[in-house]
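**Q**
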Ligand code: NAD
Ligand code: UGA
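In the working numbering, the protein residues as written are 26 to 484.
#1: With DSSP run on the structure shown, which of helix, strand or coil describes residue 281?
#2: Keeping to the same chain, check which residues put their C-beta closer than 8 Å to that of residue 385; ignore five residues upstream and five downstream.
#3: Going by the C-beta, is residue 158 closer than 7 Å to any heavy atom of the ligand NAD?
#4: So what's residue 385 in DSSP terms, helix, strand or just coil?
#5: By a C-beta neighbour count over all protein chains shown, 10 Å radius and 16 as the cutoff for buried, is residue 53 buried or exposed?
#6: List the residues that DSSP assigns as beta-bridge partners of residue 485.
#7: So which of 483, 460, 29 has the shortest CA-CA distance to residue 472?
#8: What would DSSP say about residue 94, mapped onto helix, strand or coil?
#9: Drop a sphere of 10 angstroms on the beta-carbon of residue 40, count the other beta-carbons inside from all chains shown, and report buried for 16 or more, exposed for fewer.
#10: If you draw a straight line from the alpha carbon of residue 333 to that of residue 433, how long is it in whole angstroms?
#11: Looking at residue 239: is its Cβ nearer than 8 Å to the Cβ of residue 230?
#12: Would you list the one or two residues that DSSP bridges to residue 418?
#13: Going by DSSP in three states, residue 243 sits in which element: helix, strand or coil?
#14: State the Cα-Cα distance for the pair residue 331 and residue 66, rounded to the nearest angstrom.
#15: My guess is that residue 458 and residue 451 are in contact by the Cβ rule of under 8 Å, so how many angstroms apart are they, rounded?
#16: Quick one: what's residue 434 bridged to in DSSP?
#17: Can you list, in chain order, the residues of its chain with a C-beta nearer than 6 Å to that of residue 299? Leave out the 5 residues immediately preceding and following it.
#18: Do residue 387 and residue 355 count as a contact pair if the criterion is CB distance below 8 Å?
#19: Please return the same chain residues whose Cβ sits closer than 6 Å to the Cβ of residue 131, not counting the five positions on each side in sequence.
#20: For residue 135, is the beta carbon positioned less than 7 Å from some heavy atom of the ligand NAD?
#21: For residue 469, which residues in the same chain have their Cβ closer than 8 Å to its Cβ, ignoring the five residues on either side in sequence?
#22: For residue 82 versus residue 363, is the C-beta distance shorter than 8 Å?
#23: Less than 7 Å between the CB of residue 39 and some heavy atom of the ligand NAD, yes or no?
#24: Can you list, in chain order, the stretches of the beta strand (DSSP E) that have 3 or more residues and sit fully within the stretch 195-254?
#25: Under 8 Å: do the stretch 169-185 and the stretch 204-215 share three or more Cβ pairs, one atom per stretch?
#26: Considering only the alpha carbon of each residue, which of 44, 47, 474, 462 lies closest to residue 260?
#27: Mind checking residue 265: buried by the 16 CB within 10 Å criterion, or exposed?
#28: So, for residue 74: in the same chain, excluding its five sequence neighbours on each side, which residues have a beta-carbon less than 7 Å away from its beta-carbon?
#29: Taking only three categories from DSSP, how would you classify residue 57?
#30: Using only CA atoms, which one of 455, 465, 464, 466 lies nearest to residue 476?
#31: State yes or no: is the C-beta of residue 361 nearer than 7 Å to some heavy atom of the ligand UGA?
#32: Span of the beta strand (DSSP E) holding residue 307?
#33: I need the straight-line Cα distance from residue 188 to residue 297, nearest angstrom please.
#34: Rounded to the nearest angstrom, what separates residue 51 and residue 58 at their Cα positions?
#35: Looking at the secondary structure, which residues open and close the alpha helix (DSSP H) in which residue 479 lies?
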């Protein structure tokens, strides 16, 4: 079966870039991305490609090539469902904030709404593809809803989790390590294989049963996050023993069984998925009474929280045990470089800790607007929005952020921070001038040579 029309429900960080690349590489397939969020769709349709709602290097070029040709963004969800042969569901699946499983289980209400809408609207057979990250066995629930509330048409469900990382989404999509497709129906699987085969070598397209595919996505994120927590745990040990965590990473990473990637110690991992997906894995394990399994993976999160607290407390301790009324500049707010995404960013939690101690925080991030930073802090509910605005100032010029401050904290590894005029900055800062490098971005000997007191994770 040759797919002619694809619809994707959810025009977020995954739906937008993924469908843009599918459209770019399959000019004969019409791809429509729909979302309830009108502002987001308007931004995807903006003639000015610098205004796309997701910032990803190279994405403007991909959208510019395909949009209007065979790539469309729309709020008309029903029409797009009606027309499609294949429907991707790429809506958000956040951690539940209420009821059973609160704080751990994935909230599947958006997924269920999509399934009910597809069932209600579809008048012809459809392949429904889970693109969102979902608990293992979600396809069973989807199938039940589709079959019991539909118009008697056939639905085939596939699982096709996405492995792109933000900041490198376009290169990851263009050149994936693998594409994973889980399903039961051979023809449906083959239809999706053909879409990817337009640019991905066949031997990198893995096919499995539904449950392996759903579970593999959670496990991949758990393993990646576990590496970061593992090296971050060692960073603390390095600080007390005189070992250097970068040297340890390098020494162990040369072992081809361990591998060099994803061993960079940091202020803690962030992003919308690692924590959510591990919590979900923990919840699933608990629900099957697998206590040892659940406890094992939960430790990855516990260690990550510890790393963020540890970083904030080191700032307080170093600044003579009080930051009350002191000005601390934050370089970076995004959860990693090259993205405007701030979800679960370590910066939010480090700031919250310092604000509890009545510090004044001045934030500069090259891609994150002030409203987002205030929204992130307000969302925590630790203090009133007025208090957050009293204590936190967001500026558009890094030199303005750094002028006159007691300390600088580097929270995101943006390249541009390296090339700042640190000599000039030193002149404007309070003395002694402290730098807390949560990303090990700056060169210790250079920074210390300029007279800074330099603290970096794991040294
Ligand atoms: P997102 O919040 O950026 O986007 C989801 C979009 O879905 C939103 O724009 C929302 O308005 C829309 N939506 C929700 N319900 C809808 C409905 N009923 N009809 C139409 N639109 C609806 O989320 P995201 O970061 O793109 O993540 C989506 C999924 O992909 C999640 O399950 C996530 O775990 C997974 N994932 C994310 C990443 C990542 O890097 N962000 C990577 C791999 C997988
Ligand atoms: C991660 C995975 O890498 C993707 O494969 C997956 O598709 C995605 O989650 C998802 O499911 O959402 P992402 O969160 O976008 O991608 O970014 P990563 O590069 O994995 O970084 C996650 C966090 O870990 C960042 O805060 C980053 O700074 C931190 N990190 C990463 C480290 O602290 N050290 C490292 O060595 C690597």
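From the three backbone atoms N, C-alpha and C, an ideal C-beta is built for every residue, glycine too.
**A** Taking the structure as given:
#1: Counting from one through the chain shown, the residue named residue 281 turns up at place 256. Of the three classes helix, strand and coil, the one that applies to residue 281 here is coil, per DSSP.
#2: Stepping through the chain shown from its first residue, residue 385 is reached at position 360. The answer, listed in chain order, is 350, 351, 352, 353, 416, 417, 418.
#3: The residue you call residue 158 lines up with position 133 of the chain shown. Yes, the ligand NAD has a heavy atom inside 7 Å of this Cβ.
#4: Along the chain shown, read from residue 1 onward, the residue named residue 385 stands at position 360. Strand, per DSSP.
#5: Within the chain shown, the letter at position 28 stands for residue 53. Exposed.
#6: Residue 485 is absent from the structure shown; the chain starts at 26 and stops at 484.
#7: Position 447 of the chain shown, counted from the first residue, corresponds to residue 472. Residue 472 has its Cα closest to that of 460, out of 483, 460, 29.
#8: Residue 94 sits at position 69 when you count from the first residue of the chain shown. Three-state DSSP puts residue 94 in coil, outside helix and strand.
#9: As a working mapping, residue 40 is identified with position 15 in the chain shown. So residue 40 ends up on the buried side.
#10: Here residue 333 refers to the residue found at position 308 when the chain shown is read from its first residue. Here residue 433 refers to the residue found at position 408 when the chain shown is read from its first residue. Using only the alpha carbons, I get a separation of about 16 Å.
#11: Within the chain shown, the letter at position 214 stands for residue 239. Within the chain shown, the letter at position 205 stands for residue 230. Residue 239 is not a Cβ neighbour of residue 230, given a cutoff of 8 Å.
#12: In the chain shown, the residue the question calls residue 418 occupies position 393. Answer by DSSP bridge pairing, in chain order: 387.
#13: Numbered from its first residue, the chain shown carries residue 243 at position 218. Reduced to three states, the DSSP call for residue 243 is helix.
#14: The count along the chain shown starts at 1 and reaches residue 331 at position 306. The count along the chain shown starts at 1 and reaches residue 66 at position 41. Going by the C-alpha atoms only, they are around 38 Å apart.
#15: In the chain shown, counting from the first residue as 1, residue 458 sits at position 433. In the chain shown, counting from the first residue as 1, residue 451 sits at position 426. Confirmed, about 6 Å.
#16: Walking along the chain shown from the start, residue 434 turns up at place 409. BP columns for residue 434 point to 355, 461.
#17: Within the chain shown, the letter at position 274 stands for residue 299. Excluding positions up to five away in sequence, the list reads 246, 250.
#18: For the purposes of this step, residue 355 is identified with residue 330 of the chain shown, where counting begins at 1. For the purposes of this step, residue 387 is identified with residue 362 of the chain shown, where counting begins at 1. Contact flag set, yes.
#19: Counting from 1 along the chain shown, the entry for residue 131 is found at position 106. Cβ neighbours of residue 131 beyond the five flanking positions: 118, 160, 305.
#20: In the chain shown, the residue the question calls residue 135 occupies position 110. Indeed, a heavy atom of the ligand NAD lies less than 7 Å from the Cβ.
#21: Locating residue 469 in the chain shown gives position 444, where the first residue counts as 1. Cβ neighbours of residue 469 beyond the five flanking positions: 479, 481, 484.
#22: The residue given as residue 82 occupies position 57 in the chain shown. The residue given as residue 363 occupies position 338 in the chain shown. The answer is yes: Cβ separation under 8 Å.
#23: For this step, residue 39 is matched to residue 14 along the chain shown. Yes - the ligand NAD has a heavy atom lying nearer than 7 Å to the Cβ of residue 39.
#24: Counting only runs of 3 or more, we get 204-208, 230-233.
#25: yes
#26: What you label residue 260 is simply residue 235 of the chain shown in a count that begins at 1. Checking every option, the nearest Cα to that of residue 260 belongs to 462.
#27: The count along the chain shown starts at 1 and reaches residue 265 at position 240. Taking all protein chains in view, the Cβ of residue 265 is surrounded by fewer than 16 other Cβ atoms within 10 Å, so the residue is classified as exposed.
#28: On the chain shown, position 49 is the one that residue 74 refers to. These residues qualify, in order along the chain: 85, 88, 89.
#29: Taking the first residue of the chain shown as 1, we reach residue 57 at position 32. Strand at residue 57.
#30: In the chain shown, counting from the first residue as 1, residue 476 sits at position 451. Residue 455 is the option with its Cα nearest to residue 476.
#31: By one-based count along the chain shown, residue 361 stands at place 336. True, at least one ligand heavy atom lies under 7 Å from that Cβ.
#32: Locating residue 307 in the chain shown gives position 282, counting from the first residue. From DSSP, residue 307 is part of no beta strand (DSSP E) but of the alpha helix (DSSP H) over 299-312.
#33: Taking the first residue of the chain shown as 1, we reach residue 188 at position 163. Taking the first residue of the chain shown as 1, we reach residue 297 at position 272. Roughly 13 Å between the two C-alpha positions.
#34: Numbered from its first residue, the chain shown carries residue 51 at position 26. Numbered from its first residue, the chain shown carries residue 58 at position 33. Computed Cα separation, rounded: 15 Å.
#35: In the chain shown, the residue the question calls residue 479 occupies position 454. Note, residue 479: premise wrong, no alpha helix (DSSP H); beta strand (DSSP E) at 478-481.
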